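Residue numbers (this note's numbering), protein chains in the order written: chain A, 9 to 211; chain B, 9 to 211; chain C, 9 to 211; chain D, 9 to 211.
Protein chains: 4
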Amino acid sequence: MAVHSTAKKKGSADKRDRILRAAIKVFAKNGFYATRVSEIAKAAGVADGTIYLYFKNKDDVLITIFEDGIQQLLAILREVAVSEQPFDERITRIIELQLGLLEDQRDLAEVITVNLRQSSTLLKQYAAPLFMEYIDVIAGLIRDGQKEGAFRKDINSRVVARSLFGALDAILLTWALGEADPPSLRKAASHCASLFLEGLRVR
Amino acid sequence: MAVHSTAKKKGSADKRDRILRAAIKVFAKNGFYATRVSEIAKAAGVADGTIYLYFKNKDDVLITIFEDGIQQLLAILREVAVSEQPFDERITRIIELQLGLLEDQRDLAEVITVNLRQSSTLLKQYAAPLFMEYIDVIAGLIRDGQKEGAFRKDINSRVVARSLFGALDAILLTWALGEADPPSLRKAASHCASLFLEGLRVR
Amino acid sequence: MAVHSTAKKKGSADKRDRILRAAIKVFAKNGFYATRVSEIAKAAGVADGTIYLYFKNKDDVLITIFEDGIQQLLAILREVAVSEQPFDERITRIIELQLGLLEDQRDLAEVITVNLRQSSTLLKQYAAPLFMEYIDVIAGLIRDGQKEGAFRKDINSRVVARSLFGALDAILLTWALGEADPPSLRKAASHCASLFLEGLRVR
Amino acid sequence: MAVHSTAKKKGSADKRDRILRAAIKVFAKNGFYATRVSEIAKAAGVADGTIYLYFKNKDDVLITIFEDGIQQLLAILREVAVSEQPFDERITRIIELQLGLLEDQRDLAEVITVNLRQSSTLLKQYAAPLFMEYIDVIAGLIRDGQKEGAFRKDINSRVVARSLFGALDAILLTWALGEADPPSLRKAASHCASLFLEGLRVR
DNA sequence: CATGAATGAGTATTCATTCAT
DNA sequence: TATGAATGAATACTCATTCAT
Numbered sequence: 009m010a011v012h013s014t015a016k017k018k019g020s021a022d023k024r025d026r027i028l029r030a031a032i033k034v035f036a037k038n039g040f041y042a043t044r045v046s047e048i049a050k051a052a053g054v055a056d057g058t059i060y061l062y063f064k065n066k067d068d069v070l071i072t073i074f075e076d077g078i079q080q081l082l083a084i085l086r087e088v089a090v091s092e093q094p095f096d097e098r099i100t101r102i103i104e105l106q107l108g109l110l111e112d113q114r115d116l117a118e119v120i121t122v123n124l125r126q127s128s129t130l131l132k133q134y135a136a137p138l139f140m141e142y143i144d145v146i147a148g149l150i151r152d153g154q155k156e157g158a159f160r161k162d163i164n165s166r167v168v169a170r171s172l173f174g175a176l177d178a179i180l181l182t183w184a185l186g187e188a189d190p191p192s193l194r195k196a197a198s199h200c201a202s203l204f205l206e207g208l209r210v211r
Numbered sequence: 009m010a011v012h013s014t015a016k017k018k019g020s021a022d023k024r025d026r027i028l029r030a031a032i033k034v035f036a037k038n039g040f041y042a043t044r045v046s047e048i049a050k051a052a053g054v055a056d057g058t059i060y061l062y063f064k065n066k067d068d069v070l071i072t073i074f075e076d077g078i079q080q081l082l083a084i085l086r087e088v089a090v091s092e093q094p095f096d097e098r099i100t101r102i103i104e105l106q107l108g109l110l111e112d113q114r115d116l117a118e119v120i121t122v123n124l125r126q127s128s129t130l131l132k133q134y135a136a137p138l139f140m141e142y143i144d145v146i147a148g149l150i151r152d153g154q155k156e157g158a159f160r161k162d163i164n165s166r167v168v169a170r171s172l173f174g175a176l177d178a179i180l181l182t183w184a185l186g187e188a189d190p191p192s193l194r195k196a197a198s199h200c201a202s203l204f205l206e207g208l209r210v211r
Numbered sequence: 009m010a011v012h013s014t015a016k017k018k019g020s021a022d023k024r025d026r027i028l029r030a031a032i033k034v035f036a037k038n039g040f041y042a043t044r045v046s047e048i049a050k051a052a053g054v055a056d057g058t059i060y061l062y063f064k065n066k067d068d069v070l071i072t073i074f075e076d077g078i079q080q081l082l083a084i085l086r087e088v089a090v091s092e093q094p095f096d097e098r099i100t101r102i103i104e105l106q107l108g109l110l111e112d113q114r115d116l117a118e119v120i121t122v123n124l125r126q127s128s129t130l131l132k133q134y135a136a137p138l139f140m141e142y143i144d145v146i147a148g149l150i151r152d153g154q155k156e157g158a159f160r161k162d163i164n165s166r167v168v169a170r171s172l173f174g175a176l177d178a179i180l181l182t183w184a185l186g187e188a189d190p191p192s193l194r195k196a197a198s199h200c201a202s203l204f205l206e207g208l209r210v211r
Numbered sequence: 009m010a011v012h013s014t015a016k017k018k019g020s021a022d023k024r025d026r027i028l029r030a031a032i033k034v035f036a037k038n039g040f041y042a043t044r045v046s047e048i049a050k051a052a053g054v055a056d057g058t059i060y061l062y063f064k065n066k067d068d069v070l071i072t073i074f075e076d077g078i079q080q081l082l083a084i085l086r087e088v089a090v091s092e093q094p095f096d097e098r099i100t101r102i103i104e105l106q107l108g109l110l111e112d113q114r115d116l117a118e119v120i121t122v123n124l125r126q127s128s129t130l131l132k133q134y135a136a137p138l139f140m141e142y143i144d145v146i147a148g149l150i151r152d153g154q155k156e157g158a159f160r161k162d163i164n165s166r167v168v169a170r171s172l173f174g175a176l177d178a179i180l181l182t183w184a185l186g187e188a189d190p191p192s193l194r195k196a197a198s199h200c201a202s203l204f205l206e207g208l209r210v211r
């Protein structure tokens, strides 16, 4: 029975994943509002109604994509943030991770940076809290660095965190909307890191 | 008669402006897609059909708001970018202006930072080009500073420009979505400026 | 004052006629329902509101065109129907007149044959009675001919009248919709006349 | 299973037919333009949206009604036109068939004779070609009769065909709009046939 | 008489969601 | 679980008509 149940879940999970992957693709291509549920179903190779067996509604699909992506990112960030590496390294690593995570998932990047803001309700209800969590992690890291003398103290840690988030978001947006070549993204990451690290240096 | 003629024109301009102001308000409150044309009309105190005497369609209202706002900003930025002030001052001024311009137009800020991305078509067709123009102005200023030895040369000017845009956008977004108190916005601006200026300093 | 009044009326009549002529043109081109009142106004060189100074509403414009055209036709038909000519001549004349009347007013022909049926209300309320009047005139002529031994008696005069009306309507319709060359219309008229006259001949 | 499959198809076909029958009824009553899609849906006992599962749009419903009716008529006409009967019989039969086909479908008759002309686009795009096809069939029969010496040769076969179509259309129109009693329609048919046959007789 | 800006009632069509199979 | 036919609420936009000037 356990096997059966697992098999069931696995089968379900597969279909669920297919739907999510299909949704990321069509959301990225057409935007959230312009995407029809039937288009997601078609791209996923399932019937329209099947989507409602795995998700509450269309909004829920977008929310899931967003939460999954951000949670994945947050888990990594938290790990890096409390690692034993020097603070500069941690910041650099975070930037690299954040951009790298999405580098091979361009569609996901577009969905997260662009589509996310398409529904005011989603933005305020789901994204804002996660956004704050993200800011908290980074700001915490900055504050730790300030306490230990690694970063200058005359600058608000949350302002830095927000600036960093925004900078990376804008870089990703440009990359997602334009012709994205990975090298440029990685180079941008290193320049961005250098900019922020120098900006944070104690003088 | 000149007065009369002015009055006449003003009458029309007034109605157009009333519609735009009403649209900014309801777009900020409910988002572009969740806003009904009839809501804009009601808020503006005109009939539904009147909106179509001044705008091609609902999209056109959002585009106009966005373009007006960005053009206004771009005009100021260009002026500052080529002014005679020291480069540090110019960067600081740009940051202050950009945040200050929207400080007393919180709804407009929300519409520009949030609603803008609600329509993929609008974003790619109208926002992307203006975004690039903005990046060009800032990147040009950075490059000038690099040439004259005011900024470090080992960092790509466009990456800096994008980062700055993103940082300010994120700060504005936080402010627009959260409880906005102007002092915090101004303080954030000065911290952000300091962060970027130190990050750009020649060593 | 009489002069003034006349001048006034003349001025008015001119404008009224301009509107009617413009309406015939655009109705023929686009059909009644697809024609906007503003299009009529533009074609007539007057303001939208002016139309309502001369006509009750859009329907009234079509009705007026139709009634004017049919009344004009009826007046001629009645005159011919009771003339002293041989019955065959009268029938021939009626056919020629009916087709000839519209030959140089192709737009009017299209409006009467096509647009007329576009509004069920108009058709039933205004056209049907006039149609019956028309049928009465022709049927009366046929009946007179039957009484005087010019036409065969074993055929219902109203059926003949309806058939003749329909035949001419179909010929006009083909001509109005297709490439209309007047010679063909006139030739069709003579063939049609011959067909009906032989069909009516006493044997 | 074949039954099941048939039942399934029948279910769909039934719904489609129900919509068409309902549309004929309301179109005949109120005309094409005055009929709301929701009225058709209500009369058919389906939801508004269901209509769009079977038809592209409101126009498509009218077109389908018209094409179905005319194709049905054309099929019969073609059969009669090339049958072995004497030419006079064929003509008589065609007239009887055409009127008879619609005798027990008064609403359909009204839709075809009246509503058809309600949309200029429909008329020119869909009706005109079918009208021409009809004319071709009749004209071909007349021409054959002329070749074989059954009909007089000094009269254009297409003019005769158009006249016959128009005559029958007018008779139907009168019948559809007025108080329709079948006997009168059948009697009118025989009178009309006699009129045209005598008109076509070789002398 | 003439204007044309403003009105707002009116409707075809779409599409997220449901539910009988 | 899966389907997809059916639903029907929801809305941008048009355009005949009005009326202040």
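Just so it is clear, CB atoms sit at the ideal spot from N, CA and C, and this is done for glycine as well. Quick caveat: nothing in here was measured; it's all calculated off a predicted structure.
Closest to L105 of chain D by C-alpha separation, out of D:L176, D:F204, D:L208, would be which residue? The residue with the shortest Cα to Cα distance from L105 of chain D is D:L176.
I need the boundaries of the alpha helix (DSSP H) containing E75 of chain A, first residue and last residue. First-last of the alpha helix (DSSP H) with E75 of chain A: 66-89.
Is G148 of chain D near A89 of chain D, with beta carbons less than 9 Å apart? Yes, the Cβ-Cβ distance between G148 of chain D and A89 of chain D is below 9 Å.
Residues of chain B with CB closer than 8 Å to the CB of N164 of chain A, please, in chain order. Listed along chain B, the residues sitting closer than 8 Å to N164 of chain A by beta-carbon distance are K195, A196, H199.
With distance defined between alpha-carbon atoms, name the residue in A:D152, A:E206, A:Q113 nearest to F159 of chain B. Minimum Cα-Cα distance from F159 of chain B among the listed residues A:D152, A:E206, A:Q113 corresponds to A:E206.
Comparing C-alpha positions only, which one of A:N123, A:E118, A:P191 sits nearest to A184 of chain A? Residue A:E118 is the option with its Cα nearest to A184 of chain A.
Counting only Cβ pairs nearer than 9 Å, list the residues of chain D close to I179 of chain C. Result: V167, R170, S171, G174.
By how many angstroms is the C-alpha of I179 of chain A removed from the C-alpha of P94 of chain B? If you take the alpha carbons of P94 of chain B and I179 of chain A, they lie about 27 Å apart.
Given 8 Å as the limit, is there contact between the stretch 194-204 of chain C and the stretch 42-49 of chain D, that is, 3 or more CB pairs closer than that? Fewer than three pairs of CB atoms, one per stretch, sit closer than 8 Å, so the stretch 194-204 of chain C makes no contact with the stretch 42-49 of chain D.
Going by other Cβ atoms of all chains shown within 10 Å of its Cβ, with 16 needed for buried, is V145 of chain A buried or exposed? So V145 of chain A ends up on the buried side.
In the structure shown, what three-state DSSP assignment does V145 of chain A receive? Three-state result, V145 of chain A: helix.
Are any of the Cβ atoms in chain B nearer than 9 Å to that of I78 of chain A? Chain B contact via Cβ: absent.
Whole-Å CB distance - T182 of chain D paired with R170 of chain C, under 8 Å assumed: Going by Cβ atoms, the distance from T182 of chain D to R170 of chain C rounds to 6 Å, so yes, they are a contact pair.
I32 of chain B to I120 of chain B span [Cα, whole Å]: Going by the C-alpha atoms only, they are around 9 Å apart.
Spatially closest choice to S165 of chain A from A:Q133, A:F204, A:D67, A:T129, by CA coordinates: Among A:Q133, A:F204, A:D67, A:T129, the Cα nearest to that of S165 of chain A is on A:F204.
Using a cut-off of 7 Å between C-beta atoms, extract the partners of T182 of chain A located in chain B. Chain B residues near T182 of chain A: R170.
Short of 9 Å Cβ to Cβ, which residues in the stretch 40-61 of chain A face chain B? Here the close residues are F40, Y41, A42.
Three-pair Cβ contact test at 8 Å for the stretch 21-37 of chain A versus the stretch 108-116 of chain A: The stretch 21-37 of chain A, when compared against the stretch 108-116 of chain A, does touch it at the 8 Å Cβ threshold.
Please list the terminal residues of the continuous alpha helix (DSSP H) segment that includes L131 of chain C. The continuous stretches of alpha helix (DSSP H) do not include L131 of chain C, and DSSP gives it neither H nor E.
Collapsed DSSP secondary structure at R98 of chain C in the structure displayed: Helix at R98 of chain C.
Under 9 Å (Cβ pairs) to chain C, residues found in the stretch 200-211 of chain D: Of all residues in the stretch 200-211 of chain D, C200, S202, L203, F204, L205, E206, G207, L208, R209, R211 have a Cβ within less than 9 Å of some Cβ in chain C.
Helix, strand or coil, according to DSSP, for G153 of chain A in the structure here? Note: G153 of chain A maps to helix in three-state DSSP.
Expected contact under 8 Å - CB spacing of V54 of chain B and F63 of chain B to nearest Å: Not quite, the Cβ-Cβ distance comes to about 12 Å (not below 8 Å), so this is no contact.
Look at the alpha carbon of I59 of chain C and the alpha carbon of S20 of chain C, and state the distance between them as a whole number of angstroms. Taking the straight line from one Cα to the other gives about 11 Å.
If you measure from the beta carbon of L116 of chain A to each beta carbon in chain B, is any gap under 9 Å? Interface criterion not met: the Cβ of L116 of chain A is under 9 Å from no Cβ in chain B.
Going by CA-CA distance only, name the one from C:F40, C:I48, C:Q80, C:D96 that's closest to R24 of chain C. Selection C:F40, C:I48, C:Q80, C:D96 evaluated against R24 of chain C yields C:I48 as nearest (Cα-Cα).
Closer than 9 Å by beta-carbon distance: list the chain A residues that pair up with L70 of chain B, in chain order. Neighbours of L70 of chain B on chain A: none; closest Cβ ~13 Å, over 9 Å.
One question on the structure: do K132 of chain D and V167 of chain C come within less than 9 Å of each other, judged by their Cβ atoms? With respect to V167 of chain C, K132 of chain D sits apart: the two C-beta atoms are not nearer than 9 Å.
Proximity winner among A:R209, A:G174, A:I78, A:R86, relative to I163 of chain A (alpha-carbon distances): The shortest C-alpha separation from I163 of chain A is found at A:R209.
For I73 of chain A, the nearest candidate out of A:G186, A:L138, A:R151 (CA to CA): Out of A:G186, A:L138, A:R151, A:L138 has the C-alpha closest to the C-alpha of I73 of chain A.
Following the continuous alpha helix (DSSP H) through T182 of chain C, name the residue where it begins and the one where it ends. That run of the alpha helix (DSSP H) goes 165-185.
Does any CB atom of chain C fall closer than 9 Å to the CB of L185 of chain D? Answer yes: the Cβ-Cβ gap between L185 of chain D and chain C drops below 9 Å somewhere.
Buried/exposed call for A52 of chain A, threshold 16 Cβ in 10 Å: A52 of chain A is buried by the Cβ-count criterion.
Between E75 of chain D and the rest of its own chain, which residues show a CB-CB distance below 8 Å, the 5 nearest in sequence each way excluded? Excluding five sequence positions before and after E75 of chain D, the CB atoms of its chain that fall closer than 8 Å to its own CB belong to Y134, L138, given in chain order.
R98 of chain C at chain D interface by Cβ criterion, 9 Å: Closer than 9 Å: no.
Classify T14 of chain B: buried if its beta carbon has 16 or more other beta carbons within 10 angstroms, exposed otherwise. A caution first: T14 of chain B carries a pLDDT of 34, below 50, which makes its placement in the model unreliable, though a value can still be read off. Counting Cβ neighbours within 10 Å, T14 of chain B comes out exposed, since fewer than 16 surround it.
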